[in-house]
Amino acid sequence: MTKKILFVGEGGQGIQTIAKTIAHAADSHYQHSSYIPSFGVEQRGTPSIAFVIVSDEEIHYPRFETADILVILQPRGLNVVEQYIDKSTQIIFDSSIMEPSLFAKYRSDISAIPATAIAHHIGNPRVFNVVVTAVVARMIEIDRIETWKAIVLLLGSKLKDNSLLKQNEDAYHSGWQFELEKSKFSPADFQPETRNIIKKGYGKKAIIMPAKCKGCNICISKCPVRALSSSTTLNAFSTFIPEIDLEKCVACGNCTQFCPDNAISVTKE
Amino acid sequence: MDKLEPRCRKEAAIPHLFCPGCGHALVLKTLGRVIDDMKIARQTAFGIDIGCSLLAWNFFDINTIQTHHGRTAPVMVGYKMAEPKSVALAYVGDGAAYAIGLQSIIHTALRNEPITMIVVNNENYAMTGGQMSPETETGVITQTSPRGKDMNLGAGLKSPELISSLGNEKAFIARGSVANLVELNKLIKKAIENQTKNNSFSFLEVLSICPTNWRTNAKDSFSRLESMSKYYKTGIISETTKEVN
Numbered sequence: 001m002t003k004k005i006l007f008v009g010e011g012g013q014g015i016q017t018i019a020k021t022i023a024h025a026a027d028s029h030y031q032h033s034s035y036i037p038s039f040g041v042e043q044r045g046t047p048s049i050a051f052v053i054v055s056d057e058e059i060h061y062p063r064f065e066t067a068d069i070l071v072i073l074q075p076r077g078l079n080v081v082e083q084y085i086d087k088s089t090q091i092i093f094d095s096s097i098m099e100p101s102l103f104a105k106y107r108s109d110i111s112a113i114p115a116t117a118i119a120h121h122i123g124n125p126r127v128f129n130v131v132v133t134a135v136v137a138r139m140i141e142i143d144r145i146e147t148w149k150a151i152v153l154l155l156g157s158k159l160k161d162n163s164l165l166k167q168n169e170d171a172y173h174s175g176w177q178f179e180l181e182k183s184k185f186s187p188a189d190f191q192p193e194t195r196n197i198i199k200k201g202y203g204k205k206a207i208i209m210p211a212k213c214k215g216c217n218i219c220i221s222k223c224p225v226r227a228l229s230s231s232t233t234l235n236a237f238s239t240f241i242p243e244i245d246l247e248k249c250v251a252c253g254n255c256t257q258f259c260p261d262n263a264i265s266v267t268k269e
Numbered sequence: 270m271d272k273l274e275p276r277c278r279k280e281a282a283i284p285h286l287f288c289p290g291c292g293h294a295l296v297l298k299t300l301g302r303v304i305d306d307m308k309i310a311r312q313t314a315f316g317i318d319i320g321c322s323l324l325a326w327n328f329f330d331i332n333t334i335q336t337h338h339g340r341t342a343p344v345m346v347g348y349k350m351a352e353p354k355s356v357a358l359a360y361v362g363d364g365a366a367y368a369i370g371l372q373s374i375i376h377t378a379l380r381n382e383p384i385t386m387i388v389v390n391n392e393n394y395a396m397t398g399g400q401m402s403p404e405t406e407t408g409v410i411t412q413t414s415p416r417g418k419d420m421n422l423g424a425g426l427k428s429p430e431l432i433s434s435l436g437n438e439k440a441f442i443a444r445g446s447v448a449n450l451v452e453l454n455k456l457i458k459k460a461i462e463n464q465t466k467n468n469s470f471s472f473l474e475v476l477s478i479c480p481t482n483w484r485t486n487a488k489d490s491f492s493r494l495e496s497m498s499k500y501y502k503t504g505i506i507s508e509t510t511k512e513v514n
């Protein structure tokens, strides 16, 4: 049996990590597995694509023309992978950020998991790729323990913190136990913030623009009075925008000067 | 148009293509402010190279050309010969400028061609995944030096010093850093003025950060930049003292 799986999402979401984990864990059930990323201008803000094949037979070429399973985690990736979809493709998408109507024209089997919502519920939006890994692993019948071992192997250095390990475990189990949504989908209410956030008070006015912010945290490290901190609001690049405390802020303008994206400004009124 | 962006910024290309926290964005933003201040957007030609610097291809709403492998310097020299009233800017990364394209820079400097060259030094080949470059200091861990750069491969190449040793007295040669954007602004301004007023070559290296390939967070990126600037000293390395007519 051969399964061709295509992963697509936003660069930085952890698409390549999911694909690598699946390819690693697959040898418990399949004899061969291959993983290859799609090479392009891979960076934050562009679709990131990964091809995975798991098979009982030898794999001669790691890419393919039509996918058996398409895992899509960001709406922007859809037009890039359209050519890999046909009638037999099973589409899995993140229902907490995408509407099912996006896939109406493909006549393929669609199912969903609200991965972002689950990760938010666990308390760390970054564990969302572990949820997706568990879903895909169960779907192609890889061993549960083998998959977890592959996750620990690949994320090893990041899981030193016990609370992080616990969150990842929770994400893994909830992903594994989740019944895929087939007809009734969760509401797509985890949209990234795009409107400007304007805060006024203490004679100052701060503007933060989530449409431009890439979440590099330079403003937070450059603030001399620690008025800035990381919030849990997502921006368009699936990272977190900063939050400002105007009481502490002295309107020195360091954040505005050092922001590579020109996404923050504080002025005195 | 957004008031925070430089006026010469291309509106359709917001947000830019660089990674989160990229030093290129800081250098380009400062360059944009200088172009605005000097009101030279219409006569400027902006040449970029292969590597991360090519992601600046739609950053500005000014004439832009892209070539490969350090050949930005000769291309801009040719452009300047054809359009002597223009302001020719070559914007290159350290891998392209110092490894494969060093001879182009040396001969441009030797002949005192009136262009302004800005080299962004982040100590690695960032676009291909952070391999070791001639700029990498000894002991620094990269993709191709997992145990730290070997002593035998040489310490980081100090190109501005190398170019100043060519004996071109009219050239303006300096090194700035994204840790100090006010100083960087002044240096870029001087580098462009040396081209427009003195009709001479100017060379500016900018120490930059690469959080993606250095695998650092914002705070660590800037502390590594500080240790970099202990080896690569910032400031003006050589400039002409007398006015040339």
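Protein chains in written order, with the numbering used here: chain A, 1 to 269; chain B, 270 to 514.
Glycine is no exception: its CB is placed at the ideal position from the N, C-alpha and C atoms.
- No Cβ-Cβ contact shorter than 9 Å links K4(A) with F93(A).
- By the neighbour-count definition (other C-beta atoms within 10 Å, threshold 16), E10(A) is a buried residue.
- The beta carbon of I410(B) sits closer than 6 Å to those of G417, all from its chain and outside the five residues before and after it, given in chain order.
- If you check the CB distance, F240(A) and P125(A) come in under 9 Å.
- When Cβ pairs closer than 8 Å are counted between the two stretches, the segment 170-185 of chain A is seen to touch the segment 125-143 of chain A, the count reaching three or more.
- For E243(A) and P62(A), the gap between their C-alpha atoms comes out near 44 Å.
- The beta carbon of P415(B) sits no closer than 9 Å to any beta carbon of chain A.
- Chain-order list of chain B residues neighbouring T239(A): P289, by C-beta distance under 7 Å.
- When 7 Å is used as the limit between beta carbons, F491(B) is near these residues of chain A: S221, in chain order.
- Boundaries cannot be given for I331(B), as no alpha helix (DSSP H) includes it and DSSP labels it neither H nor E.
- Nearest to K298(B) by C-alpha distance, out of A263(A), L102(A) and A104(A), is A263(A).
- Against I218(A), the close residues of chain B are G290 and A487, in the order they occur along the chain (beta-carbon pairs closer than 7 Å).
- The count of Cβ pairs closer than 8 Å, one atom from the segment 382-392 of chain B and one from the segment 334-346 of chain B, reaches three, so the stretches are in contact.
- Across the structure, M396(B) and G320(B) are spaced so that their CA atoms are roughly 5 Å apart.
- Judged by DSSP in its simplified three-state form, Q90(A) adopts strand.
- For I59(A), the closest alpha carbon among the candidates D68(A), Q31(A), I49(A) and V71(A) is that of Q31(A).
- Within the DSSP bridge table, the entry for M401(B) names N393(B) as partners.
- One thing to note: C249(A) has its Cβ within 9 Å of the Cβ of V225(A).
- Taking 9 Å as the cut-off, the Cβ atoms of M497(B) and E430(B) do not count as close.
- A112(A) and A25(A) do not touch by the CB rule: their CB atoms are close to 23 Å apart, not below 8 Å.
- Measuring C-alpha to C-alpha distances from P100(A) to each of L155(A), F7(A), P187(A) and L246(A) identifies P187(A) as the nearest.
- Taking a contact as a CB-CB distance under 8 Å, the pair I49(A) and F7(A) counts as one, their CB atoms being some 7 Å apart.
- Listed in chain order, the non-local C-beta contacts of F329(B) below 7 Å within the same chain comprise C277, R278, K279, G301 and F315, local neighbours out to five positions each way being set aside.
- Listed as beta-bridge partners of T385(B) by DSSP are L358(B) and S471(B).
- Cβ-Cβ distances below 6 Å link N332(B) to A314 in the same chain, with the five nearest sequence neighbours on each side left out; the list follows chain order.
- For the segment 430-450 of chain B, the residues whose beta carbon sits under 8 Å from a beta carbon of chain A are, in order, L450.
- Contact of L476(B) with chain A is not assigned, every C-beta pair being separated by 9 Å or more.
- Here K205(A) carries a strand assignment [DSSP, helix/strand/coil].
- Contact of P260(A) with chain B is assigned, a C-beta pair being separated by under 9 Å.
- Counting along the chain, E274(B) sits inside no alpha helix (DSSP H), nor does DSSP assign it H or E at all.
- G215(A) reaches chain B at P289 and G290, counting residues in chain order whose Cβ is nearer than 9 Å.
- Shown here, H337(B) sits in coil according to DSSP, grouped into three states, outside any helix or strand.
- In the structure shown, L234(A) adopts extended strand secondary structure according to DSSP, grouped into three states.
- Using a CB distance cut-off of 9 Å, T256(A) counts as an interface residue toward chain B.
- The Cβ atoms of Y500(B) and E474(B) lie no closer than 9 Å to each other.
- Residue burial is scored here from C-beta neighbours: G362(B) has at least 16 other C-beta atoms within 10 angstroms and is therefore classed as buried.
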